[in-house]
Amino acid sequence: MSQSSGEGCRALGVTPAPTDEPLALRLTSQDFPCLDQFLAADGGLTDSPVFLTSDEWGLVIVANEQIIPSTRYAVTAELAGGAVSAQSWITTPPWGDVIGNGPGALPDGNVNFSDIGAVVNCFKEVLTAPPLHRCDIWPAAPDGLVNFSDIGASVEGFKSIPYPYAGPCP
Ligand SMILES: [Ca+2]
Numbered sequence: 003m004s005q006s007s008g009e010g011c012r013a014l015g016v017t018p019a020p021t022d023e024p025l026a027l028r029l030t031s032q033d034f035p036c037l038d039q040f041l042a043a044d045g046g047l048t049d050s051p052v053f054l055t056s057d058e059w060g061l062v063i064v065a066n067e068q069i070i071p072s073t074r075y076a077v078t079a080e081l082a083g084g085a086v087s088a089q090s091w092i093t094t095p096p097w098g099d100v101i102g103n104g105p106g107a108l109p110d111g112n113v114n115f116s117d118i119g120a121v122v123n124c125f126k127e128v129l130t131a132p133p134l135h136r137c138d139i140w141p142a143a144p145d146g147l148v149n150f151s152d153i154g155a156s157v158e159g160f161k162s163i164p165y166p167y168a169g170p171c172p
């Protein structure tokens with residue numbers, strides 16, 4: 003079984019179960035039937051399967067325009083030849099949800115001042131700030147930067163303003 007977590011409202015974390023056989027990781031979503039792609043080693047998405055061992059995969063962070071808040075994704079581990087080894091499901095936390103309750107805690111489904119503060123800490127490069135992929139929530143394709151726009155996005159999430167961008171299906 004691969005383990006998956008909603009690392010952030012714009013990021014998935016995927017860790018394949020230990021196996022000697024190389025496997026590919028396929029990403030789909032019941033919410034968006036057009037999404038059917040494979041993970042690349044760097045967390046990008048590609049149309050062709052990439053076969054790696056679980057050691058080579060490690061923890062893969064997927065953070066791009068296909069990963070949007072409050073959406074249920076499925077990750078399927080596939081062996082060469084097409085056999086399915088395991089499937090796991092992940093639901094991303096709501097728009098603006100960056101951290102949970104306590105140091106290093108994953109998003110908990112509530113968007114409050116702690117989440118805004120966490121993005122501010124990322125912006126200020128405070129040592130205890132969450133990792134970049136949790137704070138980099140703006141724009142549609144996260145740009146690898148945390149700036150006032152990301153802070154503003156977390157404030158919008160806190161105000162329950164809907165996620166502004168299209169999903170994985172144009
Ligand atoms: Ca950003």
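Our numbering numbers the first residue of the sequence shown as 3 and each following residue consecutively. The beta-carbon is built from N, C-alpha and C at its ideal position, and this holds for glycine as well. Since the structure is predicted, the reported quantities are computational estimates derived from the model, not experimental observations.
In three-state terms, what does DSSP make of residue i?
i: Arg136; result: helix
i: Asp152; result: helix
i: Ser56; result: helix
i: Pro164; result: coil
How far does the alpha helix (DSSP H) with residue i in it reach, from first residue to last?
i: Glu127; result: Segment: none, Glu127 is in no alpha helix (DSSP H) and carries neither H nor E.
i: Val113; result: Neither: Val113 is in no alpha helix (DSSP H) and is coded neither H nor E.
Looking at the strands, I want to know which residues DSSP matches up with residue i.
i: Leu14; result: Gly8, Val64
i: Ser31; result: Looking at the DSSP assignment, Ser31 forms no beta bridge with any residue, so it has no partner.
i: Val86; result: Glu80
i: Leu47; result: Leu41
Starting from residue i, trace the beta strand (DSSP E) in both directions and tell me its first and last residue.
i: Glu80; result: 74-81
i: Asp38; result: 38-41
Go ahead and label residue i buried or exposed: buried means 16 or more other beta carbons lie within 10 angstroms of its beta carbon, across all protein chains shown.
i: Gln68; result: buried
i: Glu9; result: buried
i: Gln32; result: exposed
i: Trp91; result: exposed
Measuring from each Cβ to the nearest heavy atom of ligand 1, keep the ones under 5 Å and list them in chain order. Asp138, Trp140, Asp145, Leu147, Asp152
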